[in-house]
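Chemist: Pasting in a structure now, in structure tokens, and then I'll have a few things to ask.
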């Protein structure tokens, strides 16, 4: 509830944001200093291209679906990608890098890295220090390109391409830095990244669009039920419970409604450690949840619990521009 109130206050300029503006100014100044230090003394480049997918706002912007899409697209182009992540909320994301296994506990490695490992099958390493994660990835795998899930502000990690994701509905809110607004860095940081990609919204000039499409198939969540699937259209007209512990739960709920489902909403905080009580509503209605939440309850989910994936679909103009940018990086012409 508190999270929803704060996010609502961040959407517009108001007395709350003006009261906190001195702290916001200090936060923005420090963010600029950190960026300037990176520009003046950048860390050494890696022997392989590094792509950072991040954002300058707090909350969900579609980073993880974009990372999964990039992994799949790069493999189709003949690359061998690997992924590094902080592993938000996971205990294994401290000082020692850890290679994520598909049977790892999400409380240890984080829900998003575990989802990426499940969906893509590529090596994923978590560590608060992304540079240490890259070292382990290069030492233990044959990957020849690296994607950083988040990390736009992690300046210990050198990078060749920066992709900033923006939620199309909320965009930049009141455009103030924390704590007066939702920004991790000042708005002008967007002028320095290679690409600004808008999720589920109308891109402004210089930006690109990305849509998230629900899978046509729901998959049962519980143990040994990975092959138990149901066409999403079979739920049409049903009243279902919808659970989402992501940065923007409303996006998932609205997508289900567009698919014809009658949704009882159960929003949870982002990265919420799901317990059995969170998905037991005392009735026989189906429970539909995001993939990110499903990886946290495979061991105890009842047969009525299903997951529906949301797949990223960037516009073709961005795919072409990204492909050209990557080619130039590989030719040694440009770096971020």
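Numbering (full-length UniProt numbering), first residue to last: 1 to 336. Using N, Cα and C, we set each Cβ at its ideal position, and we do this for glycine too.
1. Is the distance from the Cβ of residue 110 to the Cβ of residue 85 below 9 Å?
2. With burial defined as no fewer than 16 other Cβ atoms inside 10 Å of the residue's Cβ, what is the status of residue 185: buried or exposed?
3. Provide the residue span of the beta strand (DSSP E) that contains residue 147, from first to last.
4. Three or more C-beta pairs closer than 8 Å, one from the stretch 124-137 and one from the stretch 97-109: is that the case here?
5. For residue 255, which option in 271, 290 and 80 has the closest C-alpha, if you only look at C-alpha atoms?
6. Assuming the contact rule is C-beta atoms closer than 8 Å, residue 302 and residue 222 should be a hit. Round their C-beta distance to whole Å, please.
7. Quick check on DSSP: helix, strand or coil for residue 290?
8. State the DSSP-derived secondary structure class of residue 122, mapped to helix, strand or coil.
9. Looking at the strands, I want to know which residues DSSP matches up with residue 285.
10. Can you list, in chain order, the residues of its chain with a C-beta nearer than 8 Å to that of residue 161? Leave out the 5 residues immediately preceding and following it.
11. Can you give me the Cβ contacts of residue 21 inside the same chain, cut-off strictly under 8 Å, excluding the 5 residues immediately before and after it?
12. Can you give me the Cβ contacts of residue 293 inside the same chain, cut-off strictly under 7 Å, excluding the 5 residues immediately before and after it?
13. Please report the distance separating the alpha-carbon of residue 156 from that of residue 54.
14. From residue 197 to residue 236, what distance separates their C-alpha atoms?
15. Just to check my reading of the structure: residue 211 and residue 313 have Cβ atoms closer than 8 Å, yes? What is that Cβ distance to the nearest angstrom?
16. Check each candidate in 240, 216, 13 and 284 and name the one with the smallest Cα separation from residue 230.
17. In the DSSP output, which residue or residues are listed as bridge partners for residue 214?
18. Helix, strand or coil for residue 162, going by three-state DSSP, please let me know.
19. Looking at the unbroken alpha helix (DSSP H) that takes in residue 105, where does it start and where does it end?
20. Tell me whether residue 264 sits in a helix, a strand or coil according to DSSP, three-state version.
21. With a floor of 3 residues, list each beta strand (DSSP E) that falls wholly inside the stretch 34-90, ordered by position along the chain.
22. So, using beta-carbon positions, are residue 41 and residue 153 closer together than 9 Å?
23. Just list the beta strand (DSSP E) runs in the stretch 181-208, keeping only unbroken ones of 3 residues or longer that don't cross its boundaries, in chain order.
24. Give me whichever residues DSSP pairs with residue 177 in a beta bridge.
25. Starting from residue 317 and walking both ways along the alpha helix (DSSP H), at which residues does that stretch end?
26. Which of the three DSSP states is assigned to residue 111 in this structure?
27. Looking only at C-alpha atoms, which of 288, 318, 72 and 18 sits nearest to residue 265?
28. Classify residue 301 as helix, strand or coil using the three-state DSSP reduction.
29. Assess, as a yes-or-no matter, whether the stretch 271-285 is touched by the stretch 199-213 under the definition of 3 or more beta carbon pairs within less than 8 Å.
30. Looking only at its own chain, which residues have a Cβ that is under 7 Å from the Cβ of residue 190, when we skip the five neighbours before and after it?
Modeler: A quick look at the data gives this:
1. Taking the chain shown and counting its residues from 1, one reaches residue 110 at position 110. Taking the chain shown and counting its residues from 1, one reaches residue 85 at position 85. Yes, these two residues count as a Cβ contact at 9 Å.
2. Indexing the chain shown from 1 puts residue 185 at position 185. It is buried - the Cβ of residue 185 has at least 16 other Cβ atoms within 10 Å.
3. As a working mapping, residue 147 is identified with position 147 in the chain shown. Its beta strand (DSSP E) spans residues 145-149.
4. yes
5. Along the chain shown, read from residue 1 onward, the residue named residue 255 stands at position 255. That would be 290, whose Cα lies nearest to the Cα of residue 255.
6. If you number the chain shown from 1, residue 302 lands on position 302. If you number the chain shown from 1, residue 222 lands on position 222. Between residue 222 and residue 302 the Cβ distance is about 7 Å, and since that is below 8 Å, they are a contact.
7. Here residue 290 refers to the residue found at position 290 when the chain shown is read from its first residue. Residue 290: strand per DSSP, three-state reduction.
8. Counting from one through the chain shown, the residue named residue 122 turns up at place 122. Residue 122 falls in the coil class under three-state DSSP.
9. Locating residue 285 in the chain shown gives position 285, where the first residue counts as 1. None, per the DSSP bridge assignment.
10. Walking along the chain shown from the start, residue 161 turns up at place 161. Hits under 8 Å: 49, 50, 51, 52, 194, 195, 322, 325, 326, 329 and 336.
11. For the purposes of this step, residue 21 is identified with residue 21 of the chain shown, where counting begins at 1. Around residue 21: 176 and 180.
12. The count along the chain shown starts at 1 and reaches residue 293 at position 293. Correct list, in chain order: 243, 244, 245 and 274.
13. The residue you call residue 156 lines up with position 156 of the chain shown. The residue you call residue 54 lines up with position 54 of the chain shown. Going from the Cα of residue 156 to the Cα of residue 54 covers about 15 Å.
14. In the chain shown, the residue the question calls residue 197 occupies position 197. In the chain shown, the residue the question calls residue 236 occupies position 236. Taking the straight line joining both Cα atoms gives about 31 Å.
15. For this step, residue 211 is matched to residue 211 along the chain shown. For this step, residue 313 is matched to residue 313 along the chain shown. Contact holds; Cβ gap of about 5 Å.
16. Your numbering for residue 230 matches position 230 in the chain shown. With distances taken between Cα atoms, residue 230 lies closest to 216.
17. The residue you call residue 214 lines up with position 214 of the chain shown. DSSP output for residue 214 lists 310 as bridge partner(s).
18. Working through the chain shown from its first residue, we reach residue 162 at position 162. If DSSP states are grouped into helix, strand and coil, residue 162 belongs with the strands.
19. Walking along the chain shown from the start, residue 105 turns up at place 105. Element bounds for residue 105: n/a, residue is neither H nor E.
20. By one-based count along the chain shown, residue 264 stands at place 264. Strand, per DSSP.
21. 50-54 and 81-85
22. The residue given as residue 41 occupies position 41 in the chain shown. The residue given as residue 153 occupies position 153 in the chain shown. Against a cut-off of 9 Å, the Cβ pair of residue 153 and residue 41 comes out as no contact.
23. 195-199
24. Taking the first residue of the chain shown as position 1, residue 177 is located at position 177. Beta-bridge pairing links residue 177 to 183.
25. Mapped onto the chain shown, residue 317 falls at position 317. Residue 317 -> alpha helix (DSSP H) spans 316-330.
26. Counted from its first residue, the chain shown places residue 111 at position 111. Helix.
27. Here residue 265 is taken as the residue at index 265 of the chain shown, counted from 1. When only C-alpha atoms are compared, the closest one is 288.
28. To locate residue 301, count along the chain shown from 1; it is residue 301. Reduced to three states, the DSSP call for residue 301 is coil.
29. no
30. Within the chain shown, the letter at position 190 stands for residue 190. These residues qualify, in order along the chain: 56, 164 and 196.
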